[in-house]
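**Student:**
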Amino acid sequence: MVSTLHAFHTRNGVALDKKLIPSLQTHRCSKGAPGGLLLRIEEGTWMGHVIEHIALEIQTLAGMETGFGRTRQTKTDGIYNVVFSYLEEKAGVYAAEAAVRIAEALIDDKEYDLDHDIHRLRELRESERLGPSTGSIVDEAIARDIPWIRLNKSSLVQLGYGKNQVRFRATMTERTSSIAVDIAGNKDETKRLLGDAAIPVAKGVTVSTIDDVYAALKSVGFPLVFKPLDGNHGKGATINVKTEEEAVAAFHYA
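Going by numbering that gives the first Met the number 0, the residue at position 105 of the sequence shown is 104; the numbering climbs one at a time, nothing skipped.
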């Protein structure tokens, strides 16, 4: 983070500790005891450190219990490295951005709609989190020190590495063909998994609106092929698309 936040030290704030999210009073910080963060604020700390704790706390308030965080100043004046844990990546990014906005509101003594951020974080949690069955298995794997990797945006997960690796989704494992059949029916998912395995695949994106089409034209370029995400036997496919007009027509046809 840069600019005005860097110049603000909590020792110069006006009762900054009384404006903070009430539950932040339980944060131990480097003092190792509840209230440690407020002591650090009273003694004086930079806003980068405060932002770290805000990002952690608003995730907790949204039902994502996190705790690890570190803030370190870089060699460049006004720029800090702020590292904190998250359960869902998109929620973590949102928490970082929201924490900066909250810090700015604290400094400027402005009202801030914290409930909006908490609600948005809960939405992100629900849209990104693993399903209940998959999540329970992953939790047990973590308890047994079994490494795991999330392989897609849904609930496809790999447990272990090398010869010990096993893939599963919800309550089904790779020992059935069901998962493979579902993946093969999704062209984008199939292409992504092949690419992750270093198997050459054609460059492409998934589009659902005309705006997406125009963005794809810039990122992918011509010539193009349009086809339904879950189509088969060439139904809805258009090849050798070379102009914007042809691209729009191919999109509607697909």
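The beta carbon of each residue, even a glycine, is placed where N, CA and C say it ideally should be.
Between GLU139 and PRO146, what straight-line distance do the alpha-carbon atoms span, to the nearest angstrom?
**Tutor:** Cα to Cα, the separation comes out at about 11 Å.
**Student:** Return the chain-ordered ranges of every alpha helix (DSSP H) run that is complete within the region 126-185 and spans a minimum of 4 residues.
**Tutor:** Entirely contained in the region 126-185, the alpha helix (DSSP H) runs reaching 4 residues are, in chain order, 131-142 and 177-183.
**Student:** Assuming contact is defined by CB atoms lying nearer than 7 Å, are VAL200 and LEU193 in contact in what I supplied?
**Tutor:** Closer than 7 Å, so yes.
**Student:** Helix, strand or coil for GLY68 per DSSP?
**Tutor:** Looking at GLY68 - three-state DSSP - the assignment turns out to be strand.
**Student:** Rounded to the nearest angstrom, what separates LYS226 and ARG100 at their Cα positions?
**Tutor:** Near 42 Å, if we compare the C-alpha coordinates of ARG100 and LYS226.
**Student:** Fully enclosed by the region 79-129, which alpha helix (DSSP H) runs are 4 residues long or longer?
**Tutor:** Entirely contained in the region 79-129, the alpha helix (DSSP H) runs reaching 4 residues are, in chain order, 88-107 and 113-127.
**Student:** Reducing DSSP to helix, strand and coil, say where PHE250 ends up.
**Tutor:** Helix at PHE250.
**Student:** Can you tell me where the alpha helix (DSSP H) with THR59 in it begins and where it stops?
**Tutor:** Looking at the DSSP string, the run of the alpha helix (DSSP H) that includes THR59 is 46-60.
**Student:** Anyone know if the C-beta pair for ALA95 and LEU120 falls short of 7 Å?
**Tutor:** Their beta carbons are not under 7 Å apart, which means ALA95 does not touch LEU120 by this criterion.
**Student:** Tell me where the alpha helix (DSSP H) around ILE209 begins and ends.
**Tutor:** Residues 209-219.
**Student:** Whose C-beta lies closer than 8 Å to the C-beta of ASN151 among residues of the same chain, with five residues either side of it excluded?
**Tutor:** Cβ neighbours of ASN151 beyond the five flanking positions: GLU188, ARG191 and LEU192.
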